[in-house]
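Sequences listed follow chains A and B, in order. All residue numbers for the first sequence refer to this note's numbering, where the first residue is 1 and numbers rise by one. All residue numbers for the second sequence refer to this note's numbering, where the first residue is 1 and numbers rise by one. No residue lacks a Cβ here, since even glycine has one placed at the ideal position from N, Cα and C. The model shown is predicted, which means the values in this text are computed figures rather than measured ones. Okay, so here's the structure we're looking at.
There are 2 protein chains.
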Amino acid sequence: MPYSTKQHQAVLRCLEQRGENACTAAELAEDLRRAGCPVGLATIYRQLEKLETAGVVHKVSGEEGALYQYCGHQAQGHRDCFLLKCERCGRIRHVDCTQLQALYDHLEREHHFRINPRGTLLSGVCDVCAGEEGTHHGDR
Amino acid sequence: MPYSTKQHQAVLRCLEQRGENACTAAELAEDLRRAGCPVGLATIYRQLEKLETAGVVHKVSGEEGALYQYCGHQAQGHRDCFLLKCERCGRIRHVDCTQLQALYDHLEREHHFRINPRGTLLSGVCDVCAGEEGTHHGDR
DNA sequence: TATGAAAACGATAATCATTTTCATATTAAG
DNA sequence: CTTAATATGAAAATGATTATCGTTTTCATA
Chain A
1 MPYSTKQHQA VLRCLEQRGE NACTAAELAE DLRRAGCPVG LATIYRQLEK LETAGVVHKV
61 SGEEGALYQY CGHQAQGHRD CFLLKCERCG RIRHVDCTQL QALYDHLERE HHFRINPRGT
121 LLSGVCDVCA GEEGTHHGDR
Chain B
1 MPYSTKQHQA VLRCLEQRGE NACTAAELAE DLRRAGCPVG LATIYRQLEK LETAGVVHKV
61 SGEEGALYQY CGHQAQGHRD CFLLKCERCG RIRHVDCTQL QALYDHLERE HHFRINPRGT
121 LLSGVCDVCA GEEGTHHGDR
């Protein structure tokens with residue numbers, strides 16, 4: 001059975017604070033260092049893996065490495081939880097959309113393809129970035 | 001303006017032959033070697049980048065590297081083309097589904113998020129693999 | 001308090017896909 | 001044929017992630 005360590009708590013706390021603001025393992029390390037509780041990268045990866053297995057964080061892998069995002073407050077088996085990732089700002093948004101669920105059901109029935117909502121990341125542009133057309137921010 | 005080289009033609013031909021059977025850069029290199037026309041990995045990556053920019057191939061990046069798939073015959077601005085990737089066999093399927101388009105419109109109108117179909121990869125399990133429950137194949 | 005085994009830690013090395021570098025080869029005009 | 005632009009390939013560099021391994025922490029028990 002797993003031990004409770006201060007690193008584990010620190011990583012979890014840091015992810016909670018970020019909320020829907022997804023981050024990379026390196027960014028997490030930087031956050032922790034600045035918070036006065038430095039944690040080794042290897043340990044961070046280990047914790048993230050555990051948290052993902054436990055269903056407490058979402059992991060989504062893109063070109064420049066994986067992004068992790070806290071989702072502990074959301075019901076674990078929650079099928080209506082979908083992920084939208086903004087290509088501009090890198091933020092990951094959770095959406096609770098009946099139509100999305102309906103579509104997935106449709107794909108399963110008519111196209112014989114069973115979508116895994118937890119592993120699916122819809123890519124596009126969020127409203128904030130769409131409104132800023134041209135204004136450049138920290139991409140990811 | 002780009003020169004026409006035999007490597008360029010070989011890479012394109014190889015991708016065409018694979019059709020909807022997506023592959024990695026390394027697999028492409030292997031194909032070309034076996035076809036008696038070995039091409040350096042660096043060149044393959046360079047060609048893939050050009051082809052992607054030209055809209056001739058789709059690039060989708062997952063955990064274990066990117067997958068490339070020929071899509072030259074499909075209209076470039078074709079918004080109704082969606083990608084489904086099987087988590088088991090790694091195959092990428094194209095789906096032309098009106099409901100998918102309707103959903104994306106819904107997300108834009110109601111959730112203020114504009115989906116980029118070309119960059120979105122729906123992940124799940126295809127019918128073939130679902131029917132083989134347990135039988136293991138070459139995962140990716 | 002001690003002890004000790006299980007589990008976790010961190011520094012570092014290893015992997016692996018992708019990119020860069022750079023010297024050489026190929027292409028397409030003139 | 002010459003030449004300048006572009007492409008190639010081998011090898012080194014990069015960067016994220018994982019594995020290794022000796023050390024440290026946790027926690028139940030003495």
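Selected residue, minimal CA-CA separation from residue i, among the options
{"i": "Phe142 of chain A", "options": "A:Gly62, A:Tyr104, A:Ala66", "result": "In the structure as shown, chain A begins at 1 and stops at 140. Residue 142 of chain A is therefore absent and cannot be evaluated."}
{"i": "Leu32 of chain A", "options": "A:Thr43, A:Cys14, A:Cys23", "result": "A:Cys14"}
{"i": "Val128 of chain B", "options": "B:Ala26, B:Cys86, B:Leu67, B:Gln99", "result": "B:Cys86"}
{"i": "Ala26 of chain A", "options": "A:His8, A:Leu12, A:Tyr45, A:Arg118", "result": "A:Tyr45"}
{"i": "Asp96 of chain A", "options": "B:Glu49, B:Val57, B:Glu110, B:Thr43", "result": "B:Glu110"}
{"i": "Ser123 of chain B", "options": "A:Glu108, A:Val57, A:Ala130", "result": "A:Glu108"}
{"i": "Ala130 of chain B", "options": "A:Phe113, A:Ala130, A:Asn21", "result": "A:Phe113"}
{"i": "Thr43 of chain A", "options": "A:Pro117, A:Met1, A:Gln9, A:Tyr70", "result": "A:Gln9"}
CB contact below 9 angstroms: residue i versus chain A
{"i": "Gln99 of chain B", "result": "yes"}
{"i": "Val227 of chain B", "result": "Outside the displayed span of chain B (1 to 140) sits residue 227 of chain B, for which this structure offers no information."}
{"i": "Ile115 of chain B", "result": "yes"}
{"i": "Val95 of chain B", "result": "yes"}
{"i": "Asp120 of chain B", "result": "Note on identity: in this sequence residue 120 of chain B is Thr, with Asp being the wrong assignment. Judged by the 9 angstroms Cβ criterion, Thr120 of chain B is in contact with chain A."}
{"i": "Cys86 of chain B", "result": "yes"}
{"i": "Ala22 of chain B", "result": "no"}
{"i": "Leu103 of chain B", "result": "yes"}
{"i": "Leu15 of chain B", "result": "no"}
CB contact check: residue i to chain B, cutoff 9 angstroms
{"i": "Glu52 of chain A", "result": "no"}
{"i": "His112 of chain A", "result": "yes"}
{"i": "Ala130 of chain A", "result": "yes"}
{"i": "His8 of chain A", "result": "no"}
{"i": "Glu107 of chain A", "result": "Here residue 107 of chain A turns out to be Leu, not Glu, going by the sequence shown. Leu107 of chain A counts as touching chain B."}
Same chain, Cβ closer than 6 angstroms to residue i, five either side skipped, listed in chain order
{"i": "Leu100 of chain A", "result": "Phe82"}
{"i": "Val60 of chain A", "result": "Leu67, Leu121"}
{"i": "Glu52 of chain A", "result": "Lys59"}
{"i": "Val56 of chain A", "result": "Gly72"}
{"i": "Tyr70 of chain A", "result": "Leu15, Glu16, Val57"}
Cβ shell of residue i (< 7 angstroms), same chain only, five flanking positions each side left out
{"i": "Cys23 of chain A", "result": "Leu67, Tyr68"}
{"i": "Asn21 of chain B", "result": "Arg91"}
Alpha-carbon spacing of residue i relative to residue j, whole angstroms
{"i": "Gly62 of chain A", "j": "Arg93 of chain A", "result": "15 angstroms"}
{"i": "Gly72 of chain A", "j": "Glu16 of chain A", "result": "8 angstroms"}
{"i": "Arg6 of chain B", "j": "Tyr3 of chain A", "result": "The sequence given here places Lys at residue 6 of chain B; Arg does not occur at that position. Roughly 59 angstroms separates the two Cα atoms."}
{"i": "His78 of chain A", "j": "Thr98 of chain A", "result": "Model confidence at His78 of chain A stands at a pLDDT of 45, short of 50, so the residue's coordinates are unreliable; what they give is reported in the following sentence. Rounded to the nearest angstrom, the two C-alpha atoms are 12 angstroms apart."}
{"i": "Gly119 of chain B", "j": "Gly36 of chain B", "result": "33 angstroms"}
{"i": "Arg106 of chain A", "j": "Gly19 of chain B", "result": "In the sequence under discussion, the amino acid at residue 106 of chain A is His, which differs from the Arg named in the question. Spanning the two alpha carbons is a distance of roughly 26 angstroms."}
{"i": "Lys50 of chain A", "j": "Val11 of chain A", "result": "11 angstroms"}
{"i": "Leu41 of chain A", "j": "Arg34 of chain A", "result": "14 angstroms"}
{"i": "Leu28 of chain B", "j": "Pro117 of chain A", "result": "30 angstroms"}
{"i": "Pro38 of chain A", "j": "Glu30 of chain A", "result": "8 angstroms"}
{"i": "Ala54 of chain A", "j": "Ile115 of chain A", "result": "20 angstroms"}
{"i": "Ala102 of chain B", "j": "Ala102 of chain A", "result": "11 angstroms"}
Distance cut-off 8 angstroms: residue i Cβ against heavy atoms of the ligand MN
{"i": "Val95 of chain B", "result": "You won't find the ligand MN in this model; it holds no ligand whatsoever."}
Cutoff 8 angstroms; reference residue i; Cβ partners in own chain excluding five residues on either side
{"i": "Met1 of chain B", "result": "none"}
{"i": "Leu48 of chain B", "result": "Val11, Ala25, Leu28, Val57, Lys59, Tyr68"}
- Item | Residues from the segment 52 to 73 of chain A in contact with chain B, defined by Cβ distance under 7 angstroms | Ser61, Gly62, Glu63
- Item | Members of the segment 26 to 50 of chain A that neighbour chain B once the beta carbon cut-off is set at 7 angstroms | Per Cβ criterion, the list is empty.
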